[in-house]
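First the structure, in the form of structure tokens, and then the observations on it.
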DNA sequence: CACAGGACTGCAATCGATTGCAAACTCAAC
DNA sequence: GTTGAGTTTGCAATCGATTGCAGTCCTGTG
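Chains as they are written, first to last, in full-length UniProt numbering: chain G, 1 to 333; chain H, 1 to 333.
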């Protein structure tokens, strides 16, 4: 139905080759011919069929984006960033949601890999070996996950946690609880590391209360155990967990931040809307999506680019809202 | 890099034609040949290049999905539904976010149209004429928007509003405020219609407080005007607005639901997490995405299918939480 | 005036897959 | 032992675009 290069050629009175050149290598065709071709293309609303071009050039102008769960507000932000940056370079984005299923993820990735120039895998749940093997077959950029030898855009979890701890210590907290995310989560592990290091530096105590689902319900589940630690502040795996925790604390009549301070991570849109508004470490999610595309495109242009080894590290930023306050004196409760 | 049909043919010792047939019309090839081909394909991890197939068959196995803003929690749900249903039929999904820009939307849609078999336009911001014209060029399914002659999946706004009003009337409310969405919003207009009709039926008063951005901030902005109407209950354009309104009410010390009841629409994930938890009309967002794909696929198979004219209407469901309560007696405040 | 050189443009091959058509083969029946 | 029907398979054309190569035309110089 849509106009082909032949239609344009006919209308402009030239050969298809000339149309192709007029449109993609304007310098080599005569000015008046070029103008005629461009007018014809314009008139017909012609745009080259990417699939056909892809057959010849091996570049389809398409990338794939795989996320674990769009219902988790973290991911739409990343997707939006990918979207925006991809559009700016006129590349289309295939989106796939794996529903947190690592097995489905691998299958999806393999299927997608054949239809795209490159893949962006956001917080992939698959095993390290599988990711490496996929990366050997296609150009892959990881987001929020680090695997030896695979280019990635990650967040500075350690630095973020350091900021959170510094903030809490400044408020007088000396015993801080950590509500971890899923056992297998790469970012949870790294946040824990950063937290422990920072706590040690400041000479304060860090109590880990275990692993919970990275959801509102996970936060509800974690709340009581966090309280039981006797800590005066809690850092949670992410904002969703923090908000769930806040809900449970409210239900139990525990005042935030008076009796307990709460810090999340991510800064999802919901965080400023919670009551009290959540203090959190903002992760530049959209930026991560943009940079992932940037990195992928660079890799595609120059596969041997050294960005392969380094990748990109994005810094977090502490956003202080109302869920953190001066530590309650443990002596007079 | 990936294996082509020729590679498989060579390995299986047959011609490419036979490979093609063995894989997509198994009945016509000899059983032992078929087995040999399938083994070879398996061994090479072969999957046909969809782009190449698309050139011949005119069907690429790809659909496009356009949403106004992924940051609005309504849309990721729809996207998830589209995703899931599309994957079940082995079709890939191009996602595009227009950033609420109607002009960009039209451009994007036109560009996408050439690369896909069909398009799903979710809550499109473009004008009616533009949508009609796009629908003439490609197969299009609308979600959450109705345009004469274009197949669509919509929500029963009228019915949903009827439920909300019935609920409020049962609680004794007699004067109800409506916080509308954007002036040009199709769903806002229809919700208003349903509200007015239901209010008339029940003999209660409906006060429209104007049009606001469909966001948290929009809700904050609307709150004071809603209060000033003297209504004992407010229905808002969507949940995000309701949650913003709740925040402002809390800041002003107006108790919900004691002094004012609040009802949202959508039932986004955030709604059960708000304080108080939001009473709302649940819209089956994910289901809408699934049905849109279903409808699109049906239309693609049989362009003259009568689903073109009818489309699908999805019912809303009132979810009663804590933001609605018995009306305050206006006599003794 | 002939010829070298550059600027344009068209021909034809190519990418990976599908499909109409015809060739090759099998098998049974006469 | 032919013939004819039915199966199975391969050849070759095709989709839309790109690109190496070669041909045409024009211009300037000797």
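Cβ atoms here follow ideal geometry from the backbone N, Cα and C, with glycine treated the same way.
Taking one beta carbon from each stretch, the region 216–228 of chain G and the region 245–252 of chain G have 3 or more pairs nearer than 8 Å; the two touch. At a beta-carbon threshold of 8 Å, the residues of chain H lying near residue 71(G) are 76, 77, 80, 269, ordered along the chain. With fewer than three CB-CB distances shorter than 8 Å, the region 56–69 of chain H does not count as touching the region 18–31 of chain H. For the pair residue 256(G) and residue 323(G), the CB atoms are nearer than the 7 Å cut-off.
When DSSP states are grouped into helix, strand and coil, residue 126(G) belongs to the coil group. Here DSSP, grouped into helix, strand and coil, assigns residue 203(G) to coil. Short of 6 Å from the beta carbon of residue 326(H), and not among the five residues preceding or following it, lie these beta carbons of its own chain, in chain order: 171, 172. Near chain G, meaning a CB-to-CB distance below 8 Å, the residues of the region 95–120 of chain H are 95, 96, 97, 99, 108, 110, 111, 112, 113, 114, 115. In this chain, the alpha helix (DSSP H) harbouring residue 74(G) covers 74–88. Residues 176, 178, 195, 196, 199 of the same chain have their beta carbon placed closer than 7 Å to that of residue 206(H), with the five preceding and five following residues left out of the count. Selection 224(H), 159(H), 45(H), 234(H) evaluated against residue 201(H) yields 159(H) as nearest (Cα-Cα). Collapsing the DSSP output to three states places residue 28(G) in a helix.
DSSP, reduced to helix, strand and coil, places residue 100(H) outside both helices and strands of the structure shown, so it counts as coil.
In this structure residue 264(H) touches residue 242(H) by the C-beta definition: roughly 3 Å separates them, less than 8 Å.
Contact annotation: residue 300(H) and residue 139(H) have beta-carbon atoms nearer than 7 Å.
At a beta-carbon threshold of 7 Å, none of the residues of chain G lie near residue 136(H); the nearest stands roughly 10 Å away. Collapsing the DSSP output to three states places residue 323(H) in coil.
For residue 243(H), the nearest CB of chain G lies under 7 Å from its own CB, placing it at the interface with that chain. Residue pairing from DSSP places residue 261(G) in a beta bridge opposite 233(G). Taken through DSSP and simplified to helix, strand or coil, residue 254(G) comes out as coil.
Residue 108(G) and residue 16(G) have their C-alpha atoms spaced approximately 37 Å apart. Residue 275(G) and residue 78(H) have their alpha carbons spaced roughly 28 Å apart. Secondary structure of residue 213(H) (DSSP, three-state): coil. Cβ-Cβ distances below 6 Å link residue 225(G) to 209 in the same chain, with the five nearest sequence neighbours on each side left out; the list follows chain order. For the region 206–231 of chain G, the beta-carbon criterion of a distance under 9 Å to any beta-carbon of chain H is satisfied by 216. Residue 180(G) counts as buried, since at least 16 other C-beta atoms from the protein chains shown sit within 10 angstroms of its C-beta. Under the criterion of beta carbons closer than 8 Å, residue 65(H) and residue 95(H) qualify as touching, at roughly 5 Å. Under the rule that a run must span 4 or more residues, the alpha helix (DSSP H) segments found entirely inside the UniProt domain "HTH lacI-type" (3–57) of chain G read 5–12, 16–24, 31–44, 50–57. At a cut-off of 7 Å between beta-carbon atoms, residue 54(H) makes contact with chain G. According to DSSP, residue pairing for residue 186(H) in a beta bridge does not occur.
In this chain, residue 91(G) is not harboured by any alpha helix (DSSP H), its DSSP state being neither H nor E. In this structure residue 32(G) is exposed. Its beta-carbon is surrounded by fewer than 16 other beta-carbon atoms within 10 angstroms.
In this chain, the beta strand (DSSP E) harbouring residue 143(G) covers 139–143.
Against chain H, the CB of residue 93(G) has a partner CB under 7 Å away; the residue lies at that interface. Separation of residue 62(G) and residue 157(H) (C-alpha to C-alpha, rounded to the nearest whole angstrom) is 37 Å. DSSP, read as helix, strand or coil, puts residue 165(G) in helix.
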